[in-house]
Amino acid sequence: MSTAESIKLFREITSASEEQAKFFIDSAKGDVNAAMASYYENGQGDDEDSMPGTYTRNSDEDEVTQAFPVSNTRSKSKPTPNRRGINTIGGLQQSQDEDSDAEDKPAEFYTGGEKSGLGVIDPSKKKDGTNRPMNLIQELLRKAAAGGQEPEETEAQGSSFRGSGYTLGGEEEESRKVEDPNAAFKRAMAAQPARVKRVLKLWQDGFSVDDGQLFRYDDPANKDYLEAINKGHAPLSLLNVAYGQPVDVTVEKRTEEMYTPPPKVHKPFESAGHRLGSETPPTSAPTQSAAASNPKAEEEKPKMDVDESKPTTSLQIRLAAGGRLVSSFNTSHTLADVYDFLERAAPSSGRAFQLLTPFPRKEYPRDGTTLEEAGLLKGVLQQKFT
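So for the sequence shown, the numbering used here puts the first residue at 589; every next one is plus one.
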């Protein structure tokens with residue numbers, strides 16, 4: 589994307605002046621996302637900070653879209669004594685100071701849209717200060733209640749065509765293509781990661797995201813997570829989102845319950861199987877396979893006595909217990925010699941077996957037929973337990 593296109597896209601999104609757009613684009617070395625992040629971090633786009641209602645941050649920042657209430661109270665705190673055991677919602681609330689005169693009034697919130705607002709006084713907040721939102725958990729619940737549910741995004745009902753087109757040509761002027769003026773903006777929007785949803789569950793002894801693990805309230809690192817969400821930021825590792833990815837966080841109040849791990853998902857049986865009619869290896873197969881892979885075991889295996897002055901051939905035998913044997917034979921060796929060699933090279937614990945060819949399937953009994961007569965020169969035999 590050229591610098592001019594980047595400036596144009598920046599101005600379409602932020603409504604900034606051309607000088608501002610050029611300044612931030614040059615500062616970010618042409619990166620539109622980084623330029624917009626720097627633009628909003630410097631407070632250039634906050635023209636309606638004093639307006640009550642829904643406060644929405646730009647989707648290019650790793651922040652949560654939520655509603656911020658306005659309260660006329662200010663908290664005062666005193667040193668909290670050290671406590672042993674597990675901190676819960678009640679323990680955190682009891683650690684707050686309840687003697688502040690400024691908090692005797694009921695909490696006030698604002699609801700409504702960008703053009704109108706309505707002040708709401710929460711009747712559940714007692715004037716004696718025993719039920720005031722004095723910690724991060726109740727602050728999150730307060731903001732979630734003030735924000736309410738956002739309407740689901742619906743697809744635009746308009747069906748008008750938007751895109752590039754061609755002008756009508758004639759004898760004097762040829763037809764030319766007219767590019768879509770919003771093509772760069774559409775490409776930038778399409779390149780952004782998809783919006784995701786996360787559920788923040790507030791338990792009595794901690795909090796969790798979706799069906800994940802429990803983060804205890806008494807862990808300082810977990811407190812940082814809550815403070816980040818409370819400020820509108822999205823911790824990437826906690827919410828499992830990418831930088832700049834828009835995320836909707838729903839707060840689920842379960843402060844009357846202790847955390848219970850979700851049930852384990854049943855996984856179907858996964859293993860190897862055997863086709864009907866195939867040979868089933870015995871339980872001693874791993875031991876024999878390990879011995880076959882050992883070089884010393886290979887050297888200790890008996891070998892067929894071959895007369896080099898006579899014609900020779902090689903024979904491959906696939907073992908019923910797994911693995912294979914390859915040995916040299918004279919063409920005059922008989923099938924009985926092959927049986928004897930196999931009993932010495934791969935003991936089968938006294939189990940009877942047969943030798944056959946896999947395809948076409950043919951059995952070779954233990955007799956005096958030579959390998960040449962049986963047509964097994966450089967052949968392949970399979971051992972089968974009977």
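Glycine included, C-beta positions come from ideal geometry on N, C-alpha and C.
| query | result |
| --- | --- |
| Strand pairing of Q942, partner residues [DSSP] | K972 |
| Collapsed DSSP secondary structure at V894 in the structure displayed | coil |
| Under 8 Å between C-beta atoms of P946 and T919 | no |
| Where the beta strand (DSSP E) through D925 begins and ends | Premise fails: D925 lies in the alpha helix (DSSP H), 923 to 933, not in any beta strand (DSSP E). |
| S704 classed as buried or exposed, judged by whether at least 16 other C-beta atoms fall within 10 angstroms | Confidence at S704 is low in this model, with a pLDDT of 48, below 50, so the placement of that residue should be treated as unreliable; the coordinate-derived value is given next. Exposed: under 16 other Cβ atoms inside 10 Å. |
| Any C-beta of chain D under 8 Å from that of E931 | Among the chains in the structure shown there is no chain D, since it carries only a single protein chain. |
| Coil, strand or helix - Q806 by DSSP | Here the sequence assigns Asp to residue 806, which means Gln is not the residue at that position. D806 falls in the coil class under three-state DSSP. |
| Cα-Cα separation, R954 to R863 | 28 Å |
| Neighbourhood of V894 by C-beta distance below 8 Å, restricted to the same chain and skipping five residues each side | T900, S916, F917, N918 |
| Alpha carbon of Y813 to alpha carbon of S796, nearest angstrom | 11 Å |
| Option nearest Q780 by Cα separation, candidates A830, E961, T848 | A830 |
| DSSP beta-bridge partners of N918 | T900 |
| Cα-Cα separation, L756 to E767 | 14 Å |
| Neighbour-count burial assignment, M624, 16 or more Cβ in a 10 Å radius | buried |
| Endpoints, beta strand (DSSP E) assigned at Y952 | 950 to 952 |
| Through-space distance from E844 to K714, alpha-carbon basis | At K714 the pLDDT is 45, less than 50, meaning the model places this residue with poor confidence and gives no usable figure here. |
| Whole-Å CB distance - L944 paired with L903, under 8 Å assumed | Contact doesn't hold; Cβ gap of about 13 Å is too wide. |
| Reduced DSSP category for S704 - H, G, I as helix; E, B as strand; rest coil | Annotation note: pLDDT 48 at S704 (below 50); position unreliable, no value reported. |
| Any 3 or more C-beta pairs closer than 8 Å across the stretch 807 to 822 and the stretch 846 to 858 | no |
| DSSP three-state assignment for F857, whether helix, strand or coil | coil |
| Residue range of the unbroken beta strand (DSSP E) whose run includes V839 | 835 to 841 |
| Cβ neighbour criterion (16 or more within 10 Å) applied to H854 | exposed |
| DSSP three-state assignment for Y831, whether helix, strand or coil | coil |
| From V787, G794, I613, residue whose alpha carbon lies closest to that of D836 | V787 |
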